[in-house]
Amino acid sequence: RFQACVYFASVFQSMSCGIHYLASVFMAVTPNFVCGFPGNVSSVLFHNSSASSIEDIWTLWTSTENYIVVQLENGEIWELDQCSRSKREVSLDLAYEYKGNKSAFPCSDGFLYDDTKWKSTVVTQWDLVCDQEWLAKLIQPTFMLGVLIGAVIFGDIADRLGRQRVIWFTSAGQFVFGIAVAFTFDYYSFVIVRFLLAMVSSGYLVVAFVYVTEFVGIKARTWASMHVHAFFAMGIMIVALVGFLVRTWWVYQIFLSIATLPFVLCCWMLPETPFWLLSEDRYEDAQKVIDTMARWNKVSTPCKVSELCSVQQDDVASGRVGDNDTSSTKKHNILDLFCNWQIARRTITVWLIWFTGSLGYYVFSLSSVSLGGNEYLNLFLIGAVELPCYIIACIAMDKLGRRNTLIPFLILSALICVLIMFIPQDFNILIILANMAGKFCIGVAFGLIYLYTAELYPTIVRSLAVGSGSMMCRVGSVVAPFCVYLRSVWIFMPLVATVYFFQLLVGIMALLSGILTIMLPETLGKPLTNTLMEATEIGRNKKSCSEKTPPAHSGTALEKIEMFGQETVSTDK
9 RFQACVYFAS
19 VFQSMSCGIH
29 YLASVFMAVT
39 PNFVCGFPGN
49 VSSVLFHNSS
59 ASSIEDIWTL
69 WTSTENYIVV
79 QLENGEIWEL
89 DQCSRSKREV
99 SLDLAYEYKG
109 NKSAFPCSDG
119 FLYDDTKWKS
129 TVVTQWDLVC
139 DQEWLAKLIQ
149 PTFMLGVLIG
159 AVIFGDIADR
169 LGRQRVIWFT
179 SAGQFVFGIA
189 VAFTFDYYSF
199 VIVRFLLAMV
209 SSGYLVVAFV
219 YVTEFVGIKA
229 RTWASMHVHA
239 FFAMGIMIVA
249 LVGFLVRTWW
259 VYQIFLSIAT
269 LPFVLCCWML
279 PETPFWLLSE
289 DRYEDAQKVI
299 DTMARWNKVS
309 TPCKVSELCS
319 VQQDDVASGR
329 VGDNDTSSTK
339 KHNILDLFCN
349 WQIARRTITV
359 WLIWFTGSLG
369 YYVFSLSSVS
379 LGGNEYLNLF
389 LIGAVELPCY
399 IIACIAMDKL
409 GRRNTLIPFL
419 ILSALICVLI
429 MFIPQDFNIL
439 IILANMAGKF
449 CIGVAFGLIY
459 LYTAELYPTI
469 VRSLAVGSGS
479 MMCRVGSVVA
489 PFCVYLRSVW
499 IFMPLVATVY
509 FFQLLVGIMA
519 LLSGILTIML
529 PETLGKPLTN
539 TLMEATEIGR
549 NKKSCSEKTP
559 PAHSGTALEK
569 IEMFGQETVS
579 TDK
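If you're matching positions, the sequence shown starts at 9 in the working numbering and goes up one per residue.
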């Protein structure tokens with residue numbers, strides 16, 4: 009009961025991460041537009057159709073190469089393009105085709121936007137079109153850059169100050185910065201506040217994975233960790249729903265931010281994890297948390313930390329790992345992820361999987377844009393399709409193991425990437441099915457790596473390991489949005505060829521990641537480690553995990569604590 013309450017309270021806030029990550033999909037959309045005109049319009053002409061206002065013409069707009077002819081009340085006739093306008097020298101009659109002289113003028117009177125779908129976006133708010141178009145294209149990459157930095161910073165802080173404080177701060181930060189985005193006064197303040205929002209959103213997501221992993225026991229760890237992704241996907245579906253109902257960007261942003269207010273009001277009740285408290289030698293505080301768990305779970309004979317852990321430092325065990333693990337209170341940094349060859353090789357492989365998973369996730373999402381139809385429904389389905397993905401991943405992880413699930417799905421995603429390149433363009437349905445299959449496979453690997461990383465590293469650097477992995481993940485997500493914009497920069501490369509190029513890149517990296525994953529140790533059914541020595545041992549000798557007794561300070565003690573609290577709910581042992 010205690011673990012369930014803590015879990016659902018924590019993962020509820022994960023929806024806000026999915027919300028803020030995808031909010032710009034509708035917030036920064038660029039509608040149809042043309043240059044403004046100096047005066048009041050009397051009639052409008054578009055090909056063979058005429059109207060009294062430009063609003064009536066937008067339904068006929070089919071291409072950015074089109075232009076609109078307007079006649080003003082003073083008799084002047086103007087041709088309005090997207091980024092330029094021309095005044096006809098001779099304005100005898102209103103006709104769409106004109107062979108006479110024209111005077112070109114810049115768009116000094118602003119722009120006219122199609123507001124049939126969106127009443128206001130950040131693009132229309134600050135005229136981020138034409139020469140300013142690149143500013144609109146930087147909105148999502150700068151957000152992902154904030155995600156990258158936040159993952160490392162808050163992952164490190166969580167290992168130093170505790171998971172509880174970081175969850176408090178990042179939860180409040182998501183609400184405050186989320187609301188603040190709606191009240192920014194210009195583009196630059198908008199980007200800065202969104203950057204800060206990205207940092208706290210990433211920080212929460214990283215620490216939440218570690219937090220729920222350390223609170224739930226071995227039996228429920230797979231499903232609990234993987235379904236954090238399910239709540240993230242639910243956040244994506246909420247974006248689609250709110251985007252369909254609210255068409256003004258700042259109101260849309262406020263509604264999205266308010267969705268997570270209930271958690272902000274109660275997150276201060278979440279306790280610190282016993283794992284982190286024990287790693288900091290705070291035995292009394294750990295005992296208080298365990299006693300609280302006992303009362304909630306109605307356990308009559310709660311375990312005592314003093315009976316499980318030796319208070320004094322185990323000098324012998326510490327000496328086996330040298331200077332890297334001489335004290336449980338030592339402040340650790342990213343260099344500890346390379347403390348020896350076993351851990352260093354593990355870190356490089358894990359980072360590559362994180363990068364590949366993120367890049368593949370966004371590249372396959374880019375390909376799904378060609379589905380057409382209702383964009384709100386498409387985004388909703390993109391989020392919904394992830395739910396069965398994680399269910400199948402959980403079943404495979406518990407039956408086959410983490411490594412044995414990760415390897416085939418990485419290799420399968422690589423094969424699908426190659427297969428897509430040989431499907432004829434006329435077979436649209438087959439291409440769509442292949443893209444969805446590729447996203448499904450890379451989604452399994454992407455979701456699995458969070459839990460696998462948390463299990464591969466000890467408590468003292470677990471948040472740092474997940475945070476640094478998330479940093480590599482965000483490098484991929486920073487690169488991926490530029491795939492969308494590459495065609496406008498590299499005009500000699502068609503959009504289809506661009507997508508194929510990046511799919512081939514994902515395929516090569518997925519294949520390499522799958523091969524390197526073979527060298528990683530299996531963690532299914534094993535207790536979380538607490539020291540770098542124990543983390544190194546699980547990759548050296550398979551027998552050592554079953555034949556040797558782990559140090560009392562972390563392995564056996566923490567395994568008993570993991571099992572504690574589940575005694576009243578486990579019925580099929």
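Glycine included, each C-beta is placed from N, C-alpha and C at the ideal position. Since the model is a prediction, treat every value here as computed from it, not as a measurement.
Contact under 8 Å by Cβ, residue i with residue j
i           : j           : result
residue 269 : residue 247 : no
residue 150 : residue 66  : no
residue 52  : residue 78  : yes
residue 398 : residue 234 : yes
residue 366 : residue 449 : no
residue 167 : residue 469 : yes
residue 360 : residue 179 : no
residue 194 : residue 134 : yes
residue 467 : residue 283 : yes
residue 261 : residue 170 : no
residue 15  : residue 254 : no
residue 41  : residue 130 : no
residue 92  : residue 216 : no
residue 242 : residue 26  : yes
residue 266 : residue 362 : no
residue 33  : residue 387 : yes
residue 382 : residue 10  : no
residue 132 : residue 279 : no
residue 526 : residue 439 : no
residue 258 : residue 190 : yes
residue 463 : residue 536 : yes
residue 371 : residue 188 : no
Neighbourhood of residue i by C-beta, 7 Å cutoff - its chain only, sequence neighbours within 5 removed
i           : result
residue 442 : 424, 427, 428 and 431
residue 544 : 348, 350 and 351
residue 256 : 127 and 128
residue 479 : 156, 159 and 160
residue 8   : The shown model of the chain, from 9 to 581, leaves out residue 8, and the question about it has no answer.
residue 592 : Only positions 9 to 581 of the chain appear in this structure, which leaves residue 592 out of reach.
residue 176 : 275 and 276
Integer Cβ distance of residue i from residue j, believed to fall under 8 Å
i           : j           : result
residue 251 : residue 384 : 6 Å
residue 95  : residue 113 : 7 Å
residue 102 : residue 85  : 6 Å
residue 530 : residue 409 : 5 Å
residue 88  : residue 48  : Not confirmed; about 15 Å, so no contact.
residue 111 : residue 97  : 7 Å
residue 229 : residue 459 : 7 Å
residue 540 : residue 289 : Their Cβ separation, rounded to whole angstroms, is 17 Å, which puts residue 540 and residue 289 out of contact at 8 Å.
Contact set for residue i: own chain, Cβ-Cβ below 8 Å, skip 5 residues either direction
i           : result
residue 274 : 17
residue 104 : 53, 54, 55, 56 and 77
residue 164 : 341, 342, 471, 472 and 475
residue 421 : 368, 446, 449, 450, 453, 514, 515 and 518
residue 413 : 401, 404, 405, 452 and 456
residue 12  : none
residue 300 : 10 and 279
residue 512 : 425, 426 and 429
One or two residues paired with residue i in a DSSP bridge
i           : result
residue 121 : 41
residue 354 : According to DSSP, residue 354 bridges with nothing at all.
residue 79  : 51 and 85
residue 110 : 96
residue 256 : 128
residue 57  : 54
Close beta carbons around residue i, own chain, < 6 Å, minus the five adjacent residues each side
i           : result
residue 182 : 24, 208 and 209
residue 118 : 44
residue 19  : 236 and 239
residue 484 : 363, 366 and 367
residue 62  : 52 and 120
residue 30  : 244 and 247
heavy atom of the ligand GTP below 7 Å from residue i C-beta
i           : result
residue 207 : No copy of the ligand GTP occurs in the structure displayed, which carries no ligand at all.
* **Length-filtered (4 minimum) alpha helix (DSSP H) runs lying within the stretch 264-301** => 269-274 and 282-287
Worksheet item: Along the chain, which unbroken stretches of the alpha helix (DSSP H) at least 4 residues long are found entirely within the stretch 160-234?
Response: 171-190 and 195-223
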